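This report concerns only the one structure given below.
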Amino acid sequence: MLEAALAGAIRALSDIGIVIIILGTLYGMIVGILPGISGAMGLILLIPFTFAWKLDHALLLFASAWGGASYGGAVTAILIGVPGESTNAMTTLDGYPLARQGRAGEALGASAMATALGASVGIFILVALIPLLRSVVLLFGPAEFFGLALLGLAVIALVSGGSLVKGLLSGALGLLLGLVGLNPVTGVSRYDLGTLFLQDGVPILPVFIGMFAFAQSMDLILHHTSVSEEGAPDQPMALGRGLWDGVLSVFRHFGLFLRCSAIGTLIGAIPGPGGSVATFLAYGHAISSARDASKFGKGDIRGVIAPEAANDAKDGGSLIPLVAFGVPGTVSAGIILLALRYHGLRVGPELLGPNLPTVFVLLTSLFLSNWITSIIGLATGRWLVRLTYVPSAIVGPAVIVLCVVGALANRGLFEDVLVMLAFGLLGYLFMRVKMPVVPLVIALLLTNLLETSFHQVIQIGDGTPIILFTRPISVILLLLVAGTVLSPIVRHLAQRRANRQTGSPA
Amino acid sequence: MVVEAAIGIATLVYAAVVLGFSGRYAFEARVFPIVVGGAGIVMAVIYLLDVRRRWAAKAEAAAEPVAAPGERSRLAFFLGSTLGSMAFVYVFGVYAYTLVYPALFLRYFSGYAWRAAVLFGVVSFVFVYAMFSVLLDAPLNRVGLVLDLMR
Chain A
676 MLEAALAGAI RALSDIGIVI IILGTLYGMI VGILPGISGA MGLILLIPFT FAWKLDHALL
736 LFASAWGGAS YGGAVTAILI GVPGESTNAM TTLDGYPLAR QGRAGEALGA SAMATALGAS
796 VGIFILVALI PLLRSVVLLF GPAEFFGLAL LGLAVIALVS GGSLVKGLLS GALGLLLGLV
856 GLNPVTGVSR YDLGTLFLQD GVPILPVFIG MFAFAQSMDL ILHHTSVSEE GAPDQPMALG
916 RGLWDGVLSV FRHFGLFLRC SAIGTLIGAI PGPGGSVATF LAYGHAISSA RDASKFGKGD
976 IRGVIAPEAA NDAKDGGSLI PLVAFGVPGT VSAGIILLAL RYHGLRVGPE LLGPNLPTVF
1036 VLLTSLFLSN WITSIIGLAT GRWLVRLTYV PSAIVGPAVI VLCVVGALAN RGLFEDVLVM
1096 LAFGLLGYLF MRVKMPVVPL VIALLLTNLL ETSFHQVIQI GDGTPIILFT RPISVILLLL
1156 VAGTVLSPIV RHLAQRRANR QTGSPA
Chain B
139 MVVEAAIGIA TLVYAAVVLG FSGRYAFEAR VFPIVVGGAG IVMAVIYLLD VRRRWAAKAE
199 AAAEPVAAPG ERSRLAFFLG STLGSMAFVY VFGVYAYTLV YPALFLRYFS GYAWRAAVLF
259 GVVSFVFVYA MFSVLLDAPL NRVGLVLDLM R
């Protein structure tokens, strides 16, 4: 494994690798700072620009943009009280009050160090787990992969949007759409309406671009004007002194930092929950473990360290199911999966075998980008944050242009643009009715894996799926799926019974 | 609520179509669509029942707030301009689109002055052209009836 790590690191840093990492980090920071533009959208819009690139360079760009976006959102959360990413929302609770007390520098310093170190912890845990993962993966056959993919979908459906029913419907729709095109088992084209265009299936990149980038920019154009009109100050807070104090505060609260990084890595490793859940849990842990929690919400530096550590540690964690099993746990990991596919790389157990150096290319970039973003963020955050005052009237149409260009860039087919537009409108409708988009796109990505595994299960079971219920790991996974789907229903019924017994309304 | 119901009905219809047409394919090719189609129908029915339950609960409470006066016209304008721009791309290609759409959007949707709008369009065009035709050597000129006629 050491040879693979060295080979990956050398590949990452050779040629123009470090230049790509710096540029990708800057891009990610800008995307993270701009409100209304999510990190996922920024990653998706990068894909069309990398079609002609070497795999290594594309991976460097994606990983560095991913790392940069995490910290960019923290800068706005602290300096103007508006999180650039949803995963930075918890940072606002204490970061902005600190800024208003003239301690913005301290908050930024703590955030920068927690970002860089937190990401390092997440990556370190992933690297340490690789030998174990290699052994675990060998225990996984078609039944286990089927169960794991199903579990990933179920968890994502449960946690993505609050309503399990909406999440499951979104996932079901994604699976239905994934059936279009060439069947991975027999090569027969299905549900293609007799068109050549659909024989390759519903094109995934235009779907991603539409549902994330187009839908969000449409919402930005129609419902937002500028950050300053949403209650944010006209000017970002002054940095004040204390940058170094902030950096050192992470070491003064090192136990808390480590525990929150572990929380972030663990949550990241579970398909579904994502950064928002990780930061929420980490913040809650910081409060519950504090001897004096009176300052939380009013400017406690621990309220910045905890969520930022978890937010960045989760990136390494989210690569665990992707690298080991080919199951993306977050949208960003799903985009990495998409990018790997576009460059001809199969994900899953093969990534832990002969392609392990490629994993370390990704990890090297993620590691370096988090440190670079912290340094750049500290040096330039005060100026970069002014990007948040760019009106949505300019950001919105710029993103829409990139959406059209991005949809067209891969195959040069006008039909891809129409697919992007159709799914963009669908994504907007989903946003308006609070239906989660993530289950649909993850299901679309996983349909091939699910169908291939399912067929293998049927073949091994001589025409029946019996091995799903006889192999221990598969049984555990299916029980977890059942638990995930049934637990909200059971909780709801128990709540109704309790309300009836107490006589209070449901 | 109407949109939610429409999404549920569309999913139900689509799942039924998938299930119905699965008989055309050989066993190996239809087994998974049958499972997914069936699951899709079940999920769509559960979802629609949930929508109906929430609809009834809302009807008993306050009426849904009506959309703000300008909201529908902004949406209609945006949708119209987007569809129009797709037709523009089909006829004139994407490079012309990157020049014209941002400029017209900034001028007529956002109310900026012509100078700013044209500048924005030019910057957009230069960026896309420089990135794809110059730096990446992947020109985006395969779409556009006018471009086809010129070739």
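In order, the protein sequence lines correspond to chains A and B. Residues 676 to 1181 in the numbering used here are what the first sequence spells out, letter by letter. Residues 139 to 289 in the numbering used here are what the second sequence spells out, letter by letter. Where is the CB? At the ideal position from N, CA and C, for every residue including glycine. These numbers come from a predicted model, not from an experiment.
Given this structure, state the Cα-to-Cα distance separating residue i from residue j, to the nearest angstrom.
i, j, result
"I1075 of chain A", "S892 of chain A", "7 Å"
"E142 of chain B", "L1104 of chain A", "9 Å"
"D867 of chain A", "L1083 of chain A", "20 Å"
"Y771 of chain A", "A988 of chain A", "22 Å"
"L1155 of chain A", "A984 of chain A", "29 Å"
"L278 of chain B", "Q874 of chain A", "23 Å"
"V706 of chain A", "I1010 of chain A", "16 Å"
"R191 of chain B", "G717 of chain A", "38 Å"
"H670 of chain A", "I1050 of chain A", "For residue 670 of chain A there is no data in the structure shown, the boundaries of chain A being 676 and 1181."
"S219 of chain B", "W741 of chain A", "33 Å"
"P758 of chain A", "R977 of chain A", "17 Å"
"V922 of chain A", "S786 of chain A", "8 Å"
"S924 of chain A", "A789 of chain A", "9 Å"
"F955 of chain A", "L783 of chain A", "19 Å"
"G1087 of chain A", "S964 of chain A", "55 Å"
"G822 of chain A", "V260 of chain B", "52 Å"
"M117 of chain B", "F724 of chain A", "What is shown of chain B runs 139 to 289, which leaves residue 117 of chain B out entirely."
"V156 of chain B", "V173 of chain B", "10 Å"
"K729 of chain A", "L274 of chain B", "12 Å"
"G1052 of chain A", "L754 of chain A", "12 Å"
"G222 of chain B", "L1121 of chain A", "35 Å"
"V1034 of chain A", "V998 of chain A", "8 Å"
"I945 of chain A", "P996 of chain A", "8 Å"
Residue i touches chain B at which residues, Cβ-Cβ below 8 Å?
i, result
"G1087 of chain A", "L278, R280, V281"
"E781 of chain A", "Ordered by position in chain B, no residue passes the 8 Å Cβ test against E781 of chain A, which lies about 38 Å from the chain."
"V1076 of chain A", "Y235, T236, Y239, P240, S262, V266"
"E1126 of chain A", "F170"
"R1175 of chain A", "In chain order: nothing, as chain B lies at least about 17 Å away."
"F1129 of chain A", "V169, F170, V173"
"M1110 of chain A", "E142, I145"
"R702 of chain A", "A small fix is needed here, since residue 702 of chain A is Tyr in this sequence, not Arg. Within 8 Å Cβ-Cβ: nothing; Y702 of chain A doesn't reach chain B, min ~13 Å."
Run down chain A in chain order and give the residues with a C-beta less than 9 Å from the C-beta of residue i.
i, result
"M269 of chain B", "F724, V1080"
"V256 of chain B", "Going along chain A, no residue has its Cβ under 9 Å from V256 of chain B, so there is no contact; the nearest lies around 14 Å."
"G94 of chain B", "Absent from the structure is residue 94 of chain B, since the part of chain B shown begins at 139 and ends at 289."
"M224 of chain B", "V1079, F1089, V1092, L1093, L1096"
"M181 of chain B", "V840, L843, L844, G846, A847, L848"
"V227 of chain B", "V1079, L1083, F1089, V1092"
Based on DSSP bridge pairs, tell me the residues matched to residue i.
i, result
"S864 of chain A", "A:L857"
Name the chain A residues that come within less than 8 Å of residue i, Cβ to Cβ?
i, result
"L244 of chain B", "A1068, I1069, P1072"
"L153 of chain B", "The sequence as given places Ala at residue 153 of chain B; Leu does not occur at that position. Under the 8 Å cutoff, chain A gives A847, L851."
"D275 of chain B", "A727"
"F216 of chain B", "M893, I896, L897"
"A251 of chain B", "Going along chain A, no residue has its Cβ under 8 Å from A251 of chain B, so there is no contact; the nearest lies around 12 Å."
Let me confirm a value: residue i is counted as buried when at least 16 other C-beta atoms fall within 10 Å, else exposed. Which label applies?
i, result
"L1168 of chain A", "exposed"
"Y152 of chain B", "buried"
"V902 of chain A", "Below a pLDDT of 50, predicted positions are generally treated as unreliable, and V902 of chain A, at 45, falls in that range; no measurement from the model is reported."
"A200 of chain B", "At A200 of chain B the pLDDT is 49, less than 50, meaning the model places this residue with poor confidence and gives no usable figure here."
"K841 of chain A", "buried"
"G1004 of chain A", "buried"
"P806 of chain A", "exposed"
"I695 of chain A", "buried"
"N986 of chain A", "buried"
"R168 of chain B", "buried"
Which chain B residues sit within Cβ distance under 7 Å of residue i?
i, result
"V834 of chain A", "By Cβ distance, chain B contributes nothing, its closest Cβ being about 17 Å from V834 of chain A, past 7 Å."
Taking residue i as the query, report the chain A residues whose CB atoms sit under 7 Å from its CB, ordered along the chain.
i, result
"A177 of chain B", "A847"
Can you name the residues of chain D whose CB is closer than 7 Å to the CB of residue i?
i, result
"V284 of chain B", "Here chain D cannot be found, since the structure's protein chains are A and B."
Using a C-beta to C-beta distance shorter than 9 Å, which residues of chain B count as neighbours of residue i?
i, result
"R865 of chain A", "V156, F159, S160, R162, Y163, A167, R168, P171"
- Is it true that the segment 1031–1042 of chain A meets the segment 825–845 of chain A, where meeting means three or more beta-carbon pairs spaced less than 8 Å apart? no
Next item on the list: Mind the definition here: the segment 728–742 of chain A touches the segment 774–785 of chain A only if three or more C-beta pairs lie below 8 Å; say whether that holds.
Entry: no
inquiry  = Check whether the segment 828–839 of chain A and the segment 1129–1143 of chain A touch, using three or more Cβ-Cβ pairs below 8 Å as the test.
reply    = no
*Is the segment 1157–1174 of chain A close to the segment 815–831 of chain A, with three or more CB pairs under 8 Å?*
yes
field: Given 8 Å, three or more beta-carbon pairs between the segment 812–823 of chain A and the segment 1082–1102 of chain A
entry: no
inquiry  = Quick test of the definition: if touching needs 3 or more C-beta pairs under 8 Å, does the segment 1089–1100 of chain A touch the segment 246–264 of chain B?
reply    = no
For this session: Indicate whether the contact test is met: 3 or more Cβ pairs, each with one atom in the segment 847–864 of chain A and one in the segment 1125–1132 of chain A, closer than 8 Å.
Result: yes
Using a Cβ distance threshold of 8 Å, determine whether the segment 745–753 of chain A contacts the segment 930–942 of chain A, with at least three qualifying pairs required.
no
* Asked: Taking three-plus beta-carbon pairs below 8 Å as touching, is the segment 957–976 of chain A in contact with the segment 685–700 of chain A?
  -> no
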